[in-house]
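Here's the structure, in structure tokens; my notes come after.
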Amino acid sequence: MDDKLVGQVLPDNKAMAGWDEERRRVDTADHKITCTAGTNLCAGKPLSGQVRYSSGDQVARFLVDTLPSRDAAKARLKESYASYAAGSFQKVDTPTVGSESQAFQGQGGGSDGVSIVWRSGTVVASVSTEGGPGDVAAARKFAAMLAQRIEQAQAGKTPDAGLGTA
1 MDDKLVGQVL PDNKAMAGWD EERRRVDTAD HKITCTAGTN LCAGKPLSGQ
51 VRYSSGDQVA RFLVDTLPSR DAAKARLKES YASYAAGSFQ KVDTPTVGSE
101 SQAFQGQGGG SDGVSIVWRS GTVVASVSTE GGPGDVAAAR KFAAMLAQRI
151 EQAQAGKTPD AGLGTA
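Take the sequence shown: its position 30, counted from the start at 1, is 30 in my numbering, and no numbers get skipped.
Okay, structure coming up:
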């Protein structure tokens with residue numbers, strides 16, 4: 001995926017009807033957006049993008065990292081799992097998203113939160129929600145929507161899945 005496609009994969013206002021976009025950041029091929037270290041340190045860094053939405057006290061964050069191979073994506077996924085397990089999050093059961101996934105629930109940013117991290121081919125993605133009751137089903141709905149957008153992009157289609165279609 002190139003940076004344009006990464007930007008399209010992230011949910012837009014149509015996909016997130018009823019939510020307000022607060023912040024969007026999509027990497028560029030030269031990594032000027034997300035990597036301020038010297039260019040040698042940024043070599044091989046995956047393209048990434050993130051967006052944050054809010055609705056009242058609830059926040060949903062979406063993150064996408066593209067990697068050069070499935071093995072690299074599997075390694076990144078293991079790193080993500082380990083970072084949640086090392087913190088205040090506990091694994092929770094939820095149906096698989098993408099090729100493989102894990103959900104976590106715990107305290108994040110001072111409030112209850114749910115995060116779902118998954119791999120779809122060479123893409124590692126996550127959805128994190130906070131505020132409200134720490135609703136695993138709601139987080140999974142966001143994750144299913146983002147996973148569908150990733151799969152649409154991987155199939156050569158323009159990502160258009162939204163909350164009402166996931």
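Where a beta carbon is used, it is the ideal one built from N, C-alpha and C, also for glycine.
### Query
If you compare alpha carbons, which of Q154, P11, R119, T96 is closest to V136?
Counting from 1 along the sequence shown, the entry for residue 136 is found at position 136. Closest option to V136, Cα to Cα, is T96.
### Query
Below 8 Å, can you find three or more Cβ-Cβ pairs linking the region 59 to 66 to the region 81 to 100?
no
### Query
Any idea what DSSP makes of L10, helix, strand or coil?
Reading the sequence shown from its first residue, position 10 is the one you call residue 10. L10: coil per DSSP, three-state reduction.
### Task
Name the one or two DSSP bridge partners that L63 has.
One-based indexing of the sequence shown puts residue 63 at position 63. For L63, which the question treats as bridged, DSSP gives the partners Q50, S126.
### Query
What are the boundary residues of the beta strand (DSSP E) that S120 is part of?
Here residue 120 is taken as the residue at index 120 of the sequence shown, counted from 1. Unbroken beta strand (DSSP E) run through S120: 111 to 120.
### In DSSP terms, what E21 is bridged to
Along the sequence shown, read from residue 1 onward, the residue named residue 21 stands at position 21. Answer by DSSP bridge pairing, in chain order: Y53.
### Where the alpha helix (DSSP H) containing V136 begins and where it ends
Here residue 136 refers to the residue found at position 136 of the sequence shown. Here the alpha helix (DSSP H) through V136 covers 136 to 154.
### Status (buried if at least 16 other CB within 10 Å, exposed otherwise) for R119
As a working note, residue 119 is residue 119 in the sequence shown. By the neighbour-count rule (16 or more Cβ atoms within 10 Å), R119 is buried.
### Query
Apart from the five residues on each side of it in sequence, which residues of its chain come closer than 8 Å, Cβ to Cβ, to P133?
Taking the first residue of the sequence shown as position 1, residue 133 is located at position 133. Within the same chain, P133 has close Cβ partners D112.
### Query
Looking at C-alpha atoms only, which residue of Y81, V6, D12, N13 is the closest neighbour of S48?
Along the sequence shown, read from residue 1 onward, the residue named residue 48 stands at position 48. Taking only the C-alpha atoms, the option nearest S48 is V6.
### Message
By DSSP's criteria, E100 is part of a beta bridge. Which residues make up the other side?
### Response
Indexing the sequence shown from 1 puts residue 100 at position 100. DSSP lists R119 as partners of E100.
### Query
CA-CA distance, E130 and L146?
As a first step, residue 130 is located in the sequence shown; it is residue number 130 there, counting from the start. As a first step, residue 146 is located in the sequence shown; it is residue number 146 there, counting from the start. Rounded to the nearest angstrom, the two C-alpha atoms are 17 Å apart.
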